[in-house]
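Protein chains in written order, with our numbering: chain A, 1 to 401; chain B, 1 to 401.
There are 2 protein chains.
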Amino acid sequence: MTVTDSSNSSRNPAPGGGADRLDKINPFRVMTVMQRAAELEAQGRKVIHMEVGEPDFTTAAPLVAAAKAALDAGHTGYTPAPGIPQLRQKLAEHYQQNYGVSVDSARILVTPGASAGLMLLAHLLVGPGDGILLGDPAYPCVRNFIHLVQGRPLLIPVGPAENFQPTVAQLETGCDARTTGLWLASPANPTGAILDRGRLQQSCDWANSRGLHVLVDEIYHGLHYVDDMPTVLEVDDSSFVVNSFSKYFGMTGWRLGWIVVPEAFVEKANILAQNLYISAPSMAQYAALAAFEPGSREIFEQRREAFRQRGDYLRRELAAMGFGLAEAVQGAFYLYADISRFSNDAEQFCQQMLEKEAVAITPGTDFGEHRARQYVRFAFTTSMENLEEGVARLRQALGQT
Amino acid sequence: MTVTDSSNSSRNPAPGGGADRLDKINPFRVMTVMQRAAELEAQGRKVIHMEVGEPDFTTAAPLVAAAKAALDAGHTGYTPAPGIPQLRQKLAEHYQQNYGVSVDSARILVTPGASAGLMLLAHLLVGPGDGILLGDPAYPCVRNFIHLVQGRPLLIPVGPAENFQPTVAQLETGCDARTTGLWLASPANPTGAILDRGRLQQSCDWANSRGLHVLVDEIYHGLHYVDDMPTVLEVDDSSFVVNSFSKYFGMTGWRLGWIVVPEAFVEKANILAQNLYISAPSMAQYAALAAFEPGSREIFEQRREAFRQRGDYLRRELAAMGFGLAEAVQGAFYLYADISRFSNDAEQFCQQMLEKEAVAITPGTDFGEHRARQYVRFAFTTSMENLEEGVARLRQALGQT
């Protein structure tokens, strides 16, 4: 097994800029896909979008109504840096009701998107030179936030054999003398893979025995299609959580997330929140209060069921075509598909599917280095009709008609 | 003249956290004032709030209506990372119409608040060890963003003699071999001081001759009470600007700002935007489109006139009481008042005013180190009636009845 210290990669420096760490931050390849897709659409072609990590549903009506009511009530000013107390209380209740864990609302900070939550936690937890263990593939911004605070992402290559989640044996091998943290994601992007309760517990136990902090990205919680979906707080109260209203709650454009930190880090986290972003958007916080009403929950569950059906359909069809896939969709709205039967160059493969058949998907190279050219990510964030059209086009492109 | 390298200060480390730079980030003293004010209010006392840097006006009706229309139209998703094109175009027109400068909209990136803009620019421009010249006093987050990217804030002490803005002679003295940038603010917080066109030009010329980048915080533009309020882009097209919809446009809680970068930095800035925050809030961007309608402008100008009247009144009354003040309010909604006739301890003075008379103001120690205990900041972000009440209470507290 090879562990890659990705801080060694380099690119051209920004003109005149003094910040070397930017050399390690790459643009997302999916942006190239999206730009070319937009060009094709401008030429009149219909593109099937399976590249975008954003639900196709607009925000649910009860949340929109709550935002409008908040605007009418004049809630247009800053809120306290960690969020309005009633939303933090709702989140504490959410942990109690849905996971059976008791979390003091003082430990929950509402953030302007999970991005800001990750940024805050990176500043809170990672010093220059600190090694942070994380899976490869993974959501690319996580690696980049670690670079931005001068930390060292220690990438653990994961594949189907490990259900795309690092094992304790791999972590043990990847850990060096200056490793200070373990960052996990479950369900993960781009794979949808879930770390089951037993493995989650083992990972935390191992990290605690090493004195490492544990951070878990839980932003796809709610969008899971397995029976048991534990938060890390159930197995390790000393861990850090980042979560979001974007995915299950369908609030991407509102920029709202939250983090949970241990009691001892509350004060520092609050100071960072004040400095980094003052507060999360006010009307988004009031809108989110309505997310915990039964009527909203019903809408979210209907949407989850739609995602489940789409994922099952797409997985079955792609597997029949010869894409390498896990046996079931576990979570999120992604399929991470092995294309080695068709190509050894994911970027070229994505380009070909787009040019030939106007099907937009994301190359694995956006998510890491481990076998990245052998994988592509399909997002089932479009209608069943579009997925069916996409499947037909892929068959055409692959000569399977 | 003494130049302070504020990176030498230190505090206790976060428990278990590996990030030493946090030791340089202090909580805002104003938070203590606000918490105590809330306690007094809970006891039934009426507090006169002159501590808060936020307009008391809610967001103007045309902007709220535009946000609601955007919600109805389903604009609840992510936008492009640098913002919706139509808003960037409006901002380009804003520079043309109000300042007579031509700025390509590609150089304008919409950000989730000026905070995110400053964060992005800190990552773009400041490497570890880089010295950044800035005035003392100044908005504290600026210094903290520099700390967070491992730069060195080089604080130039400024006072009434320099109109609270650094002179070229001071910059020359303060510049060291590893200085890479000059960060200015005009109108400035906490002083409201404006760098006039001649001095702005001189500062840029000096920085350019030294090979330093120039960044100007222009978030209080529009709230100026002088005839000539140049943007730095008029005198130096190679400079960086951070601006906001929070103050003049009255959109604090929406979290919306923008930055302007030179052409050569556009690509790197876009990559950082994608990584740091994905996009600014969608509905805030659509709301902001309405800010450029004539009806909205009229509201903003009425509010500016209200701020002017409040500022003039408060300056006159405070000066009559013996506070040391500039001869006129130049910009923003702040008065930075010398209290040396009453006290040599601004924090104690603020505490006394709050306990004795329930008047909330901010100690100078939130804004830097230079003579900070000799100053307090008054924000005239409350009604004229409240200001009159505040003045009467201050007279009482100071034994001037």
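Beta carbons are placed, not taken as given, at the ideal position from N, Cα and C, and that holds for glycine.
On a predicted model such as this, the values are computed, not experimentally measured, just so you know.
Let me see if you follow: with CB-CB separation under 8 Å, is W183 of chain B close to chain A or not?
Reading the second sequence from its first residue, position 183 is the one you call residue 183 of chain B. With 8 Å as the cut-off, W183 of chain B does not count as an interface residue toward chain A.
Identify the contact partners of L71 of chain B in chain E, using a Cβ-Cβ distance below 7 Å as the criterion.
This model lacks chain E altogether, as its protein chains are A and B.
In chain B, which residues lie with their C-beta within 8 Å of the C-beta of H49 of chain A?
Along the first sequence, one-based indexing puts residue 49 of chain A at 49. Ordered by position in chain B, no residue passes the 8 Å Cβ test against H49 of chain A, which lies about 12 Å from the chain.
Locate the alpha helix (DSSP H) running through T59 of chain A, then write down its first and last residues.
One-based indexing of the first sequence puts residue 59 of chain A at position 59. No alpha helix (DSSP H) contains T59 of chain A, which DSSP labels as neither H nor E.
Could you check if S404 of chain A is buried or exposed, using at least 16 other CB atoms within 10 Å of its CB as the buried criterion?
Chain A is shown only over 1 to 401; residue 404 of chain A falls outside these bounds and no answer can be derived.
Excluding the five sequence neighbours on either side, which residues of its own chain have a C-beta within less than 7 Å of the C-beta of A379 of chain B, listed in chain order?
The residue labelled residue 379 of chain B in the question sits at position 379 within the second sequence. Within the same chain, A379 of chain B has close Cβ partners M50, E51, V52, G53, F333 and Y334.
Note down the Cα distance separating A397 of chain A from L318 of chain A, rounded to an integer number of angstroms.
Stepping through the first sequence from its first residue, residue 397 of chain A is reached at position 397. Stepping through the first sequence from its first residue, residue 318 of chain A is reached at position 318. Cα atoms of A397 of chain A and L318 of chain A: separation of roughly 13 Å, rounded to the nearest angstrom.
is_contact[L148 of chain B, chain A] using C-beta, thresh 8 Å
As a first step, residue 148 of chain B must be located in the second sequence, where it is residue number 148. Yes, because at least one Cβ of chain A sits closer than 8 Å to the Cβ of L148 of chain B.
Those residues which DSSP pairs with N386 of chain B across a bridge
Taking the second sequence and counting its residues from 1, one reaches residue 386 of chain B at position 386. Answer by DSSP bridge pairing: none, since N386 of chain B is not bridged.
Under the three-state reduction of DSSP, which class applies to P262 of chain A: helix, strand or coil?
Sequence index remark: in the first sequence, residue 262 of chain A carries index 262 (1-based). Coil at P262 of chain A, not helix or strand.
Compare the Cα-Cα distances from V242 of chain B to each of B:A61, B:T173, B:G113 and B:R45 and report the closest residue.
Stepping through the second sequence from its first residue, residue 242 of chain B is reached at position 242. Closest option to V242 of chain B, Cα to Cα, is B:G113.
Give the straight-line distance between the Cα atoms of L71 of chain B and F342 of chain A, rounded to the nearest whole angstrom.
By 1-based counting over the second sequence, the position of residue 71 of chain B is 71. By 1-based counting over the first sequence, the position of residue 342 of chain A is 342. Each residue's alpha carbon lies about 43 Å from the other.
Consult DSSP for L87 of chain B and reduce its assignment to one of helix, strand or coil.
By 1-based counting over the second sequence, the position of residue 87 of chain B is 87. In this structure, L87 of chain B counts as helix in the three-state DSSP scheme.
Give a yes or no on whether 8 Å exceeds the smallest Cβ distance from G174 of chain A to chain B.
Position 174 of the first sequence, counted from the first residue, corresponds to residue 174 of chain A. Any Cβ of chain B closer than 8 Å to the Cβ of G174 of chain A would place that residue at the interface, and such an atom is absent.
Proximal chain A residues relative to L276 of chain B, where beta-carbon distance stays under 7 Å
Counted from its first residue, the second sequence places residue 276 of chain B at position 276. Listed along chain A are S115 and M119, each with a C-beta nearer than 7 Å to that of L276 of chain B.
Step through the CB atoms of chain A and report whether any lies within less than 8 Å of the CB of P128 of chain B.
Looking up residue 128 of chain B in the second sequence gives position 128. Using a Cβ-Cβ cut-off of 8 Å, P128 of chain B counts as an interface residue toward chain A, since at least one Cβ of chain A sits closer than that to its own.
Determine the DSSP secondary structure at P13 of chain B, reduced to helix, strand or coil.
Here residue 13 of chain B refers to the residue found at position 13 when the second sequence is read from its first residue. For P13 of chain B, the predicted structure reports a pLDDT of 35, less than 50, and the residue's modelled location is therefore unreliable. A value from the coordinates is still provided. Coil at P13 of chain B, not helix or strand.
Thinking C-alpha only, which one of A:A169, A:A37 and A:T32 is nearest K356 of chain A?
Position 356 of the first sequence, counted from the first residue, corresponds to residue 356 of chain A. Checked all of A:A169, A:A37 and A:T32; the closest Cα to K356 of chain A is A:A37.
Straight-line Cα distance separating W206 of chain B from S10 of chain B:
Locating residue 10 of chain B in the second sequence gives position 10, where the first residue counts as 1. Locating residue 206 of chain B in the second sequence gives position 206, where the first residue counts as 1. Low confidence applies here, because S10 of chain B scores a pLDDT of 35, under 50, leaving its location unreliable and the question unanswered by this model.
Measuring straight from C-alpha to C-alpha, what distance separates S7 of chain B and H147 of chain B?
Here residue 7 of chain B refers to the residue found at position 7 when the second sequence is read from its first residue. Here residue 147 of chain B refers to the residue found at position 147 when the second sequence is read from its first residue. Here the model assigns S7 of chain B a pLDDT of 42, short of 50, so the residue's position is not dependable, and the following value carries that caveat. Whole-angstrom Cα-Cα distance: 7 Å.
If you measure from the beta carbon of T365 of chain A to each beta carbon in chain B, is any gap under 8 Å?
Working through the first sequence from its first residue, we reach residue 365 of chain A at position 365. Under the Cβ criterion of 8 Å, T365 of chain A is not counted among the residues facing chain B.
Give me the chain B residues within the contact set of W206 of chain A, using Cβ-Cβ distance strictly less than 8 Å, ordered along the chain.
Start at 1 with the first residue of the first sequence, and residue 206 of chain A comes out as number 206. In chain order: nothing, as chain B lies at least about 17 Å away.
Candidates A:T167, A:T59 and A:A269: which alpha carbon is nearest D23 of chain B's?
Walking along the second sequence from the start, residue 23 of chain B turns up at place 23. Closest by alpha carbon: A:A269.
Chain-order list of residues whose beta-carbon lies under 6 Å from that of F164 of chain B (same chain, five-residue window excluded)
For this step, residue 164 of chain B is matched to residue 164 along the second sequence. Within the same chain, Cβ atoms closer than 6 Å to the Cβ of F164 of chain B are found at V158, T191 and A193, the five residues on either side in sequence being excluded.
Looking only at C-alpha atoms, which of B:A306, B:Y277, B:E385 and B:M283 sits nearest to M119 of chain B?
Counting from 1 along the second sequence, the entry for residue 119 of chain B is found at position 119. The candidate whose alpha carbon is nearest that of M119 of chain B is B:Y277.
Would you list the one or two residues that DSSP bridges to V214 of chain B?
On the second sequence, position 214 is the one that residue 214 of chain B refers to. B:L182, per the DSSP bridge assignment.
Chain A contact for N144 of chain B (CB, 8 Å cutoff)
Against the second sequence, residue 144 of chain B aligns to sequence position 144. Interface residue, yes.
Whole-Å CB distance - V168 of chain B paired with L200 of chain B, under 8 Å assumed
To locate residue 168 of chain B, count along the second sequence from 1; it is residue 168. To locate residue 200 of chain B, count along the second sequence from 1; it is residue 200. Rounded to whole angstroms, the Cβ separation of V168 of chain B and L200 of chain B is 11 Å, and the two are not in contact under 8 Å.
Check the DSSP bridge columns for V110 of chain B and list the partner residues they point to.
As a position in the second sequence, residue 110 of chain B is number 110, starting the count at 1. DSSP, once it has assigned bridges, lists B:W258 as partnering V110 of chain B.
In this structure, does DSSP put R152 of chain A in helix, strand or coil?
On the first sequence, position 152 is the one that residue 152 of chain A refers to. Secondary structure of R152 of chain A (DSSP, three-state): strand.
Report the rounded CA-to-CA distance for V235 of chain B versus Y99 of chain B, giving the unit in angstroms.
As a working note, residue 235 of chain B is residue 235 in the second sequence. As a working note, residue 99 of chain B is residue 99 in the second sequence. Their Cα atoms are separated by approximately 11 Å.
Output needed for D228 of chain A: all residues of its chain with C-beta closer than 8 Å, excluding positions within five of it in sequence on either side, in chain order.
On the first sequence, residue 228 of chain A is found 228 positions in, with the first residue counted as 1. Answer for D228 of chain A: D196 and R197, listed in chain order.
Length of the line joining the Cα atoms of I84 of chain A and Q285 of chain A:
To locate residue 84 of chain A, count along the first sequence from 1; it is residue 84. To locate residue 285 of chain A, count along the first sequence from 1; it is residue 285. Within the model, the alpha-carbon separation for I84 of chain A versus Q285 of chain A is close to 7 Å.
What are the boundary residues of the alpha helix (DSSP H) that includes I341 of chain B?
What you label residue 341 of chain B is simply residue 341 of the second sequence in a count that begins at 1. A quick correction: the sequence has Arg, not Ile, at residue 341 of chain B. For R341 of chain B, no alpha helix (DSSP H) segment is defined, and its DSSP state is neither H nor E.
Could you work out which residues of chain B lie near E54 of chain A, taking near to mean beta carbons separated by less than 7 Å?
Position 54 of the first sequence holds residue 54 of chain A. Within chain B, the residues near E54 of chain A are G77 and Y78.
Please report the Cβ distance between G368 of chain B and A138 of chain B, rounded to the nearest whole angstrom; I am assuming they are in contact, meaning their Cβ atoms lie under 8 Å.
On the second sequence, position 368 is the one that residue 368 of chain B refers to. On the second sequence, position 138 is the one that residue 138 of chain B refers to. Separation of the CB atoms of G368 of chain B and A138 of chain B is rounded to 6 Å, and the pair is thereby assigned contact status at 8 Å.
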